[in-house]
Amino acid sequence: MKEKKTETHILKLLFELYKGDSSVTAKNYLNQYTIKDIANISVGRDLVESAFSKKKTATHKYPVYSNSVENKGLYGFYDFEEYPGSSLTIVGRGVGLGTAFPRKESFGAIGRLLVLSPKNNKFDVRYLAEYINNKLVIFNESGGIPQLPGESLAKYKVELPSLPEQKAIVDLLATWDEAIEKTERLIQAKEKRFKWLMRKLISEPQNAQKGVKWKRAKLGEIGEISSAGVDKTINEKEVPVRLVNYLDVYRRNFIYSSDLNHQVTAPKEKAKKCSVRQGDVFFTPSSETRHDIGHSAVVMEDMPDVVYSYHIVRLRLHESFDLRYRAYAFKSEDFFRQAQKAADGSGQRYVISQSGFRKIEILFPPFEIQQQISDILFTAQQEIDLLKQVVEKYKVQKRGLMQKMLTGEWRIKPETSKL
């Protein structure tokens, strides 16, 4: 119901947008500046440890931001005000280079983080942040770690409408931001519940299904493990096939034919040996870190023209397992602990051998209980997936609006944002 009200409000706002007067070009009302013309640029310094706290307290109440996009750059808190509110920060080094965040309240900045404050009230910090994030193309100034020096940022050009129209645009976009944030918070709550269900139904079955007899078996006892899949090559003399890749397994619980579009070729016998059938379970046998290994996904339909890549391992079960349950059976905490222990590596790359996989043990209940568990987990996962689709829809709408408004193709009346 809340999502419906949000969509109704968004539609109302859309109807209030209007196309710019054809006699008024963007050049007539969009003013071009360099960033140094409209902003004072400062650079974050070293952390003042004597004034810092990792947690917010009654005295340490001013947020400290670093060169990071994670958690919007929040690093901790100062007991003094270093920069005033109504500023924006821009990541000047590393991952997320050039990402801007508006800062409403007083704060501190560290680690070469760029800080922009308006000159002569030329811009709304929220508008400039949207402009930088969605229209400005930031170039890496270094061949190593990505860097954006303040003197380089100062030379970038921006086009801005009047301040009242800037405010109206960001007030309108805030409606989408609010819808996105609310839905993402709901997704987080649903994902937390899903993890709890996984723990109770898969990782700790003895607590959730008392009186039900679960079996313990090694993977090598309940199915056939195989690897040595197909190379990512094309040879005119071979059979054309599609490929199940590492990321197809890493990113999914369920694999459908429509998900696969990587075209390669394989010798006829190799394609037969590396076939993909409904119910096959694939694992990721390697990773750069030990804790990120052994992910799995199940094939949901027969795929006569599909083979698997040499980067993954196939388990073809002969034990009776519910199809959807296979997606969850190999994701217990105990399974991942065994997978991590079975991984051999030097610190740069870890790999689980076929024999290592065959020795990993799992617990599984009778078929009827498998169906009950998979129904619960599948329904919970569907709720999350649908909410993610809603978020993506809102993001697409916002990107489309921004493209129209930042270029002046669509204008907005300042009173529209107050609807």
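For the sequence shown, the working numbering begins at 2 and goes up steadily by one.
Glycine included, each C-beta is placed from N, C-alpha and C at the ideal position.
Quick caveat: nothing in here was measured; it's all calculated off a predicted structure.
Simplified DSSP assignment, three categories, for residue i
i, result
"residue 22", "Bear in mind that a pLDDT of 49 at residue 22, under 50, signals an unreliable position, so the number given afterwards is only what the model happens to contain. In the structure shown, residue 22 sits in coil (DSSP, three-state: anything other than H, G, I, E or B)."
"residue 74", "helix"
"residue 119", "strand"
"residue 40", "strand"
"residue 333", "coil"
"residue 363", "strand"
"residue 162", "coil"
"residue 68", "coil"
"residue 380", "helix"
"residue 326", "coil"
"residue 264", "strand"
"residue 87", "coil"
"residue 92", "coil"
"residue 345", "strand"
"residue 35", "strand"
"residue 357", "helix"
"residue 151", "helix"
"residue 146", "coil"
"residue 53", "strand"
"residue 413", "coil"
"residue 402", "helix"
"residue 257", "coil"
"residue 351", "strand"
"residue 393", "helix"
"residue 59", "coil"
Counted within 10 angstroms of its Cβ, other Cβ atoms place residue i as buried (16 or more) or exposed
i, result
"residue 156", "exposed"
"residue 262", "exposed"
"residue 50", "exposed"
"residue 345", "exposed"
"residue 356", "exposed"
"residue 1", "Only positions 2 to 420 of the chain appear in this structure, which leaves residue 1 out of reach."
"residue 349", "exposed"
"residue 319", "exposed"
"residue 177", "buried"
"residue 174", "buried"
"residue 141", "exposed"
"residue 172", "buried"
"residue 25", "Since pLDDT at residue 25 reaches only 41, below the 50 mark, its modelled position is unreliable, and no value is offered."
"residue 412", "buried"
"residue 248", "exposed"
"residue 314", "buried"
Reference residue i, options the options, closest by Cα
i, options, result
"residue 240", "267, 51, 254", "267"
"residue 257", "283, 337, 403", "283"
"residue 317", "38, 281, 392, 217", "281"
"residue 79", "98, 93, 56, 72", "56"
"residue 67", "41, 98, 114", "114"
"residue 153", "247, 411, 42, 230", "42"
"residue 203", "383, 364, 392, 411", "364"
"residue 368", "216, 107, 179", "216"
"residue 291", "81, 168, 250, 351", "351"
"residue 95", "82, 70, 164", "70"
"residue 165", "131, 195, 179, 122", "122"
"residue 285", "160, 253, 65, 47", "253"
"residue 229", "223, 273, 130", "273"
is_contact[residue i, chain B] using C-beta, thresh 8 Å
i, result
"residue 229", "The displayed structure is made up of one protein chain only, and chain B is not part of it."
Complete alpha helix (DSSP H) runs within the stretch 271 to 322 (minimum length 4 residues, chain order): none
Stretch-stretch touch, CB-based, cutoff 8 Å, three pairs: the stretch 76 to 95 with the stretch 114 to 132: yes
Where in the stretch 187 to 241 do unbroken runs of the beta strand (DSSP E), each at least 3 residues long, occur, reported from the N-terminal end onward? The stretch 187 to 241 contains these whole beta strand (DSSP E) runs: 216 to 219, 224 to 227.
Meets three-Cβ-pair contact criterion under 8 Å: the stretch 228 to 246 and the stretch 380 to 399: no
Sufficient close CB pairs (3 or more, under 8 Å) joining the stretch 384 to 393 to the stretch 364 to 375: Contact between the stretch 384 to 393 and the stretch 364 to 375 is absent, because fewer than three Cβ pairs lie under 8 Å.
Counting Cβ pairs, one atom from each stretch, are 3 or more of them under 8 Å apart for the stretch 328 to 347 and the stretch 294 to 310? yes
At least 3 beta-carbon pairs within less than 8 Å: the stretch 331 to 338 vs the stretch 192 to 205: yes
Please confirm if the stretch 406 to 415 is in contact with the stretch 186 to 196, defined as three or more CB-CB distances below 8 Å between the two stretches. no
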